[in-house]
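K.L.:
Residue numbers (this note's numbering): 2 to 348. All C-beta atoms, glycine included, are put in the ideal place defined by N, C-alpha and C. My structure is below; once you've seen it, I'll send some questions.
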Amino acid sequence: MRGVTFDRHGGIEVLQYREDLPIPAIGPNDVLIKIHAVAMNHNCLWARRGLPGMDILFPHMNGTDAAGVVAEMGSAVTQWKINDEVLVHGGFSCGHCVECSRGHPSFCPEFQIWGFQTGPNAGGEAEYARVPARHLVSKPANLSFDEAAAIGSVLLTAWRMLVVRAHIQPGNFVLIWGAAGGLGSIAIQLCRLYGAKSIAIVSDDRKAAFVESLGADFVINRHTQRINREVMAITRRRGVDIVFEHTGAETWETSTYCLKWGGTIVTCGATTGFKAPLDIRFLWNKEQNYLGSHFGSVSEMIDALKFAASGQIRAIISDTLPLCDVARGHELLERGEVFGKIVLVPE
Ligand code: NDP
């Protein structure tokens, strides 16, 4: 089968588009899916470049967000049938430990992000993939395969951050970093859904127009405007109720400054670096909350996808590329030129 792998860390030159990969063998509880679309994530870049303290198993195959049809089922699989249209929930866990039973699969000792921490040769950037049957979710009928792949993980992650962890409420002010990106474009839509007011941070006018079209209530260009001053003017000097963080070191100080007393920063990532200053006085004096959030459960994905099925949240696709053009996808993502998601199509 065709697929993209790499057997060392480096630039885009390490990516290999291959046509000689074996179709994965499945176990009794697995499903073989024929992939119609797979969306790119920042973890494609992390895995290719390598991250300190993380061992990638080579040959590595990227791809956390795939959508396709059931092509074959293991002997113990009863919940799916051939040709069912599915998307993959890419946060694999054992399903039976105490943390999984409590509904915290990301605390499971076996938790792995598919196509990032799995391997060798185990990800969605291929024609076929082996997936545990309980990590498949029915594709909403109104979504194309491209849209389903594009929305899966970002909707789940943003949903867990805002709804499950930060308890977004009507009337809340929510500051959204990287608002035109994969997570940010969903966060704006979730704010609308919950009656909250989004303050979208972007880096240029094209992105500003795009986030306005998604329904952002306020837009700040981080290169031409002073974020602190704008946020204080918008919120009448109170600060925001929630900061939607994933940008990390370069933005953290501004995030803490813009947060109101008793407010919540919720973060799932650190695109610009892991180390950030912490003024401990804010934690106790202002009773601020700093929350981590990582991926989400299958049930949370099903809950969130209902709003994609109803049309209230839509998938945002920046570019659709053939899988053999994966290197271009890496370049676009690396240059920050993406509006929403990049989708790769195996055929
Ligand atoms: P995108 O590339 O789609 O968007 C990232 C955005 O970050 C860009 O649009 C850019 O917006 C903004 N950005 C980049 N540099 C800076 C900077 N110096 N200051 C302010 N903003 C900046 O990525 P995603 O939305 O898909 O993912 C974002 C992060 O979240 C990644 O680190 C990813 O790994 C992580 N993540 C974590 C998950 C989890 O479960 N833990 C799940 C999904 C993602 P602009 O330049 O316009 O301001």
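Kindly examine the ligand NDP and report whether one of its heavy atoms sits closer than 7 Å to the Cβ of Ala181.
P.N.:
yes
K.L.:
Whose CA, out of Lys287, Glu246, Gly264, Ile281, lies closest to the CA of Phe275?
P.N.:
Among Lys287, Glu246, Gly264, Ile281, the Cα nearest to that of Phe275 belongs to Glu246.
K.L.:
According to DSSP, simplified to helix, strand and coil, what is Ser94?
P.N.:
In the structure shown, Ser94 sits in coil (DSSP, three-state: anything other than H, G, I, E or B).
K.L.:
Can a CB atom of chain D be found closer than 8 Å to the CB of Glu128?
P.N.:
Annotation note: the requested chain D is absent from the structure, which comprises a single protein chain.
K.L.:
Among all the DSSP beta bridges, which residues are the ones paired with Val164?
P.N.:
None; Val164 has no bridge partner.
K.L.:
Are there any heavy atoms of the ligand NDP lying less than 7 Å away from the beta-carbon of Phe296, as far as the coordinates show?
P.N.:
yes
K.L.:
Within 7 Å: the Cβ of Ser154 and any heavy atom of the ligand NDP?
P.N.:
Distances between the C-beta of Ser154 and the heavy atoms of the ligand NDP include at least one below 7 Å.
K.L.:
Looking at the ligand ATP, does it come within less than 7 Å of Lys276, judged from the CB to the closest heavy atom?
P.N.:
Among the ligands in the structure shown, the ligand ATP does not appear; only the ligand NDP can be found there.
K.L.:
Could you tell me which residues DSSP pairs with Glu246 in its beta bridges?
P.N.:
Thr268
K.L.:
Return helix, strand or coil for Tyr18, following the three-state DSSP convention.
P.N.:
strand
K.L.:
So the beta strand (DSSP E) Ala305 belongs to, where does it begin and stop?
P.N.:
Here Ala305 belongs to no beta strand (DSSP E); instead the alpha helix (DSSP H) covers 299-310.
K.L.:
In the structure shown, what three-state DSSP assignment does Asp8 receive?
P.N.:
Reduced to three states, the DSSP call for Asp8 is coil.
K.L.:
Within 10 angstroms of its Cβ, does Lys307 collect 16 or more other Cβ (buried), or is it exposed?
P.N.:
By the neighbour-count rule (16 or more Cβ atoms within 10 Å), Lys307 is not buried but exposed.
K.L.:
Return yes when at least one heavy atom of the ligand NDP lies under 7 Å from the C-beta of Ile83, else no.
P.N.:
no
K.L.:
Is the Cβ-Cβ distance between Val327 and Leu333 less than 8 Å?
P.N.:
no
K.L.:
May I ask which residues mark the beginning and end of the alpha helix (DSSP H) holding Ser256?
P.N.:
Judged by DSSP secondary structure, Ser256 falls within the alpha helix (DSSP H) whose first and last residues are 253-259.
K.L.:
Exposed or buried, which one is His331 when buried takes at least 16 other CB atoms within 10 Å?
P.N.:
buried
K.L.:
If you draw a straight line from the alpha carbon of Ala149 to that of Leu191, how long is it in whole angstroms?
P.N.:
17 Å
K.L.:
Is there contact between the stretch 37-46 and the stretch 92-107, where contact requires at least three CB pairs shorter than 8 Å?
P.N.:
no
K.L.:
Hey, is Trp178 close to the ligand NDP, as in C-beta under 7 Å from one of its heavy atoms?
P.N.:
Yes, Cβ of Trp178 sits closer than 7 Å to a heavy atom of the ligand NDP.
K.L.:
Indicate, with yes or no, if the ligand NDP has a heavy atom lying under 7 Å from the CB of Asn229.
P.N.:
Within the chosen limit of 7 Å, the ligand NDP does not reach the beta carbon of Asn229 with any heavy atom.
K.L.:
Nearest-angstrom Cα distance between Gly172 and Arg193?
P.N.:
About 10 Å.
K.L.:
Just to confirm the assignment, what range does the alpha helix (DSSP H) spanning Lys208 have?
P.N.:
206-215
K.L.:
Could you check the C-alpha separation between Phe296 and His105 for me, to the nearest Å?
P.N.:
10 Å
K.L.:
Does DSSP put Asp56 in a helix, in a strand, or in coil?
P.N.:
coil
K.L.:
Taking 7 Å as the cut-off, is the CB of Cys45 close to at least one heavy atom of the ligand NDP?
P.N.:
no
K.L.:
What would DSSP say about Gln190, mapped onto helix, strand or coil?
P.N.:
helix
K.L.:
Can the beta-carbon of Ile177 be found closer than 8 Å to that of Ile202?
P.N.:
yes
K.L.:
Cα-Cα, which of Thr252, Trp160, Pro121, Tyr18 is closest to Ile303?
P.N.:
Trp160
K.L.:
Measuring from the CB of Gly185, is there a heavy atom of the ligand NDP at a distance below 7 Å?
P.N.:
Checking the Cβ of Gly185 against the ligand NDP gives yes.
K.L.:
Consider the C-beta atom of Gly75 and the heavy atoms of the ligand NDP; say whether any pair is separated by less than 7 Å.
P.N.:
no
K.L.:
In the stretch 121-172, which residue ranges form an unbroken alpha helix (DSSP H) of at least 4 residues, counting only runs that do not cross its ends?
P.N.:
146-160
K.L.:
Between the Cα of Leu279 and those of Tyr258, Trp262, Ala310, spot the shortest distance and give me the residue it belongs to.
P.N.:
Tyr258
K.L.:
Is Cys109 near the ligand NDP - that is, is its Cβ less than 7 Å away from at least one heavy atom of it?
P.N.:
Between the ligand NDP and Cys109, a heavy atom-to-CB distance of less than 7 Å is absent.
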